[in-house]
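Asker: Numbering (the UniProt record's numbering), first residue to last: 1 to 288. Ideal Cβ positions, reconstructed from N, Cα and C, are used throughout, including at glycine. Keep in mind the model is a prediction, meaning the values are calculated, not measured.
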C-alpha cells in the first residue's frame, strides 16, 4: 500500500517531535552553558549540514530574491521562537512554559486558515481543544511564575506558529535545504552579539552534548520542514503534540523522572485528539 503525501507529512512531524524531545533532554544536561551559546552551537551544526547538502546536491543557498520576504519572515520568527523559549525556560516553571509553548499548533491552524486559506476540518476544533486539555494535565501548570517569562513563552508559541505557517507557504516555492540554510545562518549571526562577554569554554563532555544538540536540532529542523511540504499545516500540526509523550519517555529513561497518573491521562487525551482527526478524515474520503 503506497504512502500518501499526508501520511508522509504526519510521519515527518512525529519524527521531528522525537528529535526535538531528544534535543531538549541534552539541553537539560548542559545547563551550565549559557542559553545563547547553546542556540549558537545548535544552529551552527545545522548550518554546516545544510551547506554540505546544498553543495553536494546543488541548489540555492539562500533562495531567489522574490522569496526573500517569506524566507526572512520564517527565519526571524523561528529565531525569536528559540530565544523566547530559552528565556522562558530559564526564568519560569517548566510546566508553565511548556503548556504555553504547546499552543503553537493552535496558532499554526488559525494562521493557516486566515492567511493561507487552508480549510479547517470540523473535527479539528474539538480535537485541538482536547489536545490543549491533555497538555495541561500532563504538565500540571501552576501559573504562579513571574509574568514576564510566561509572556515570553506565549510569544514563543506565537512566533513558532508564524514560522511553521510560513513553511507551509514556502513549501512549493523554495527547496527545503535552502529554507534550513537561511534560518540557520540568520540564527548563528543573530546569536553572536549576545555571546560577547558571556562565552563559556565547554569541557569535553559538554562539547559532546553541544554537538548532540546540533545533531538532534538538525534532524528536527529537517523533519519539520519536510512535514509541511507534504501536507497542509492545519491538518498535521496537531501531531506535534506527540513530543509531549516523547519527552515523558526520555525524562523517565534518561533523567529518572517518574511518569505520573495525570501524565498518562493527559497523554491519552492527546492521542485521542490525533485519532479523532485521522478517523474523521478517513471516513469523509480524504486520503491520509
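1. Does the distance from the C-beta atom of residue 180 to that of residue 221 stay below 7 Å?
2. Answer with buried or exposed for residue 182, where buried requires no fewer than 16 other C-beta atoms within 10 angstroms of its C-beta.
3. With 16 other CB atoms within 10 Å as the buried threshold, where does residue 279 fall?
4. Under 8 Å by Cβ, that's how I've got residue 213 and residue 3 pegged, so tell me the actual separation to the nearest angstrom.
5. Quick check on DSSP: helix, strand or coil for residue 8?
6. Hey, does residue 280 have any beta-carbon neighbour from chain D nearer than 7 Å?
7. Look at the alpha carbon of residue 215 and the alpha carbon of residue 13, and state the distance between them as a whole number of angstroms.
8. Within its chain, find whatever has a CB closer than 6 Å to the CB of residue 77; leave out the 5 residues flanking it on each side and keep chain order.
9. Is it true that the CB of residue 217 sits closer than 7 Å to the CB of residue 42?
10. Below 6 Å CB to CB, which residues in the same chain sit around residue 67 once its five sequence neighbours on both sides are set aside?
11. If we ignore side chains and look at the alpha-carbon of each, how far apart do residue 81 and residue 210 end up?
12. In terms of alpha-carbon separation, which member of 9, 18, 119 lies closest to residue 248?
13. Cα separation between residue 190 and residue 73?
14. With DSSP run on the structure shown, which of helix, strand or coil describes residue 118?
15. Since I believe residue 223 is in contact with residue 29 (beta carbons under 8 Å), could you give me their beta-carbon distance rounded to a whole number of angstroms?
Answerer: From the atom records:
1. yes
2. buried
3. The residue in question, residue 279, is exposed, as its Cβ has fewer than 16 Cβ neighbours within 10 Å.
4. Between residue 3 and residue 213 the Cβ distance is about 30 Å, and since that is not below 8 Å, they are no contact.
5. helix
6. Absent here is chain D; the protein component of the structure consists of one chain.
7. 17 Å
8. Taken in chain order, the residues that qualify are 159, 162, 163.
9. One thing to note: residue 42 has its Cβ within 7 Å of the Cβ of residue 217.
10. 173, 174
11. 20 Å
12. 18
13. So the two alpha carbons sit approximately 14 Å from each other.
14. coil
15. Wrong, their Cβ atoms sit about 22 Å apart, outside the cutoff.
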